[in-house]
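Residue numbers (the numbering used here): 1 to 448. Below is one structure, written out as structure tokens; the observations come after it.
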């Protein structure tokens, strides 16, 4: 692979460009340069009529190094030997040279170009595969609508207002999207009013699984209070917000729930747009209900933006449906971080009658397996553990309930959030080998 190129769009109007060569290869470049307003000087012993008609100056003789004096750009469109001479003369004068179909002697390359008014898209392969650049240009040309020229006008008209209002560059993208949507009569997401707290579910991790409204609330947020397992790519959707980590992890110091509630109230009363960003869904083991009650008691307006809960997302990403016709018609979700939480629920479940999904239960997997077996669940009941379901290190183990108790976690994945699935559905693996929704690093493992 060659060194990366720096793409530039160059103003050549009124500036001299020397084209060496007068044949078919030169004709295309001369036409492009003339359309850009360049003053084109053509040097060649023989010059075609169509080339001569577009040039500002004709020099009908072999190339000499001095022909480049005063030029801003050189184009070598002759034989390889002549192109080499042009390249040497250009290098000595610190002039960039474009060698037509001769990348070895070039320091600048033209590109496949798509124009919509002042919007220009250029594609280059560094001179290595011009035919491929042409195919890419045709593909993009078919995709870009003709209205792009009008989008440039709309963006230009809005820009002074953004600058006067001191809108940060990172925040202008959302404003521009609303402006462009308005051009086509498409409804834009209403921005959150100042002083509102949005309890937003971040989903199972992957930023692509965040809801549209959740992403919009993050984009316009002034303050974000986020949980420990929120993916950095999700946080990046709040470029102008002050972001505070308030997550809780077992056995580690953390911000108390009451302190979090006070922070939410204080920021909202200061007129801030506040996002409380929670993994999964705010109302599924996320203590979002407590925060909603605290905000209501303080008279602070709030909204709930649901997220995709890991209770269904993690199994689904591993190819496990929590319900499946003829296999399971119901599922139960339980928090597995403490026996006091999961014990009474497990005691009330008839063995094998539904799918059991356990969140935050990786550390208690032995106790959960023992409790189920003591209540009559077969040791051969299918079980699965999904670690980091939507991330690059995603890992799925499948086995039997009896094996769950002694299951050793992969050392490089032991820190990932895990979801347990117990029941007949855990034996299913409904994933297409061609699916792009599954992280490539996911591995299915079974006990030996």
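Virtual Cβ for every residue (Gly too), placed ideally from N, Cα, C.
Opposing strand residues paired with residue i [DSSP bridges]
| i | result |
| --- | --- |
| residue 98 | 75 |
| residue 41 | 18, 57 |
| residue 244 | 225 |
| residue 114 | 121 |
| residue 387 | 395, 418 |
Reference residue i; option with closest CA among the options
| i | options | result |
| --- | --- | --- |
| residue 451 | 128, 274, 327, 203 | Since the first residue shown for the chain is 1 and the last is 448, residue 451 is missing from the structure and cannot be characterised. |
| residue 280 | 224, 321, 295, 214 | 214 |
| residue 383 | 375, 374, 403 | 403 |
| residue 233 | 222, 223, 262, 203 | 203 |
| residue 259 | 153, 291, 368, 40 | 291 |
| residue 355 | 211, 401, 341, 93 | 401 |
| residue 50 | 68, 25, 74, 72 | 25 |
| residue 420 | 410, 432, 389 | 389 |
| residue 224 | 344, 256, 197, 377 | 197 |
| residue 414 | 430, 397, 428, 45 | 397 |
| residue 338 | 320, 317, 365 | 365 |
| residue 79 | 87, 73, 72 | 87 |
| residue 358 | 58, 94, 111, 284 | 284 |
| residue 335 | 361, 288, 158, 317 | 361 |
| residue 416 | 314, 405, 430, 427 | 314 |
| residue 289 | 228, 201, 245, 341 | 201 |
| residue 199 | 228, 297, 306 | 306 |
| residue 221 | 227, 243, 68, 94 | 243 |
| residue 110 | 94, 128, 116 | 128 |
| residue 7 | 179, 113, 208 | 113 |
| residue 152 | 176, 166, 227 | 176 |
| residue 216 | 409, 277, 270 | 277 |
| residue 154 | 173, 166, 235, 138 | 173 |
| residue 73 | 11, 45, 23 | 11 |
| residue 246 | 346, 227, 231, 261 | 227 |
| residue 178 | 166, 168, 158 | 158 |
| residue 294 | 257, 318, 308 | 257 |
Local conformation of residue i per DSSP, three classes
| i | result |
| --- | --- |
| residue 23 | coil |
| residue 198 | strand |
| residue 6 | coil |
| residue 381 | coil |
| residue 166 | coil |
| residue 11 | coil |
| residue 276 | strand |
| residue 335 | strand |
| residue 205 | coil |
| residue 400 | strand |
| residue 47 | coil |
| residue 184 | coil |
| residue 412 | coil |
| residue 231 | coil |
| residue 193 | coil |
| residue 62 | coil |
| residue 91 | helix |
| residue 139 | helix |
| residue 145 | coil |
| residue 210 | coil |
| residue 179 | helix |
| residue 133 | helix |
| residue 296 | helix |
| residue 161 | helix |
| residue 284 | coil |
| residue 82 | helix |
| residue 30 | helix |
| residue 108 | coil |
| residue 264 | helix |
| residue 52 | helix |
| residue 128 | coil |
Distance cut-off 6 Å: residue i Cβ against heavy atoms of the ligand COA
| i | result |
| --- | --- |
| residue 427 | Ligands in the displayed structure: none, and consequently the ligand COA is not present. |
Worksheet item: For the 8 Å Cβ check, are there 3 or more pairs between the stretch 152-165 and the stretch 259-269?
Response: no
Discussion item. Contact between the stretch 59-70 and the stretch 12-20 is defined here as three or more beta-carbon pairs at a separation below 8 Å; is this criterion met?
Written reply: yes
Fill in: Three-pair Cβ contact test at 8 Å for the stretch 294-303 versus the stretch 193-203
yes
Worksheet item: Would you call the stretch 410-425 and the stretch 312-327 touching, i.e. three or more CB-CB distances under 8 Å?
Response: yes
Discussion item. For the stretch 336-354 against the stretch 368-388, do three or more pairs of beta-carbon atoms, one drawn from each stretch, fall closer than 8 Å, so that the two count as touching?
Written reply: yes
Discussion item. Across the stretch 175-184 and the stretch 130-146, are there enough close Cβ pairs to call them in contact, namely three or more that are closer than 8 Å?
Written reply: no
Worksheet item: Of all the alpha helix (DSSP H) runs that stay within the bounds of the stretch 301-383, which reach a length of 4 or more residues?
Response: 310-317, 339-347, 365-374
Worksheet item: How do the stretch 98-116 and the stretch 70-83 stand: do at least 3 beta-carbon pairs fall below 8 Å, yes or no?
Response: yes
Worksheet item: Is there contact between the stretch 102-115 and the stretch 40-57, where contact requires at least three CB pairs shorter than 8 Å?
Response: no
Practice prompt. Count the C-beta pairs between the stretch 52-60 and the stretch 116-133 that are closer than 8 Å, then say yes if the count reaches three, no if not.
Written response: no
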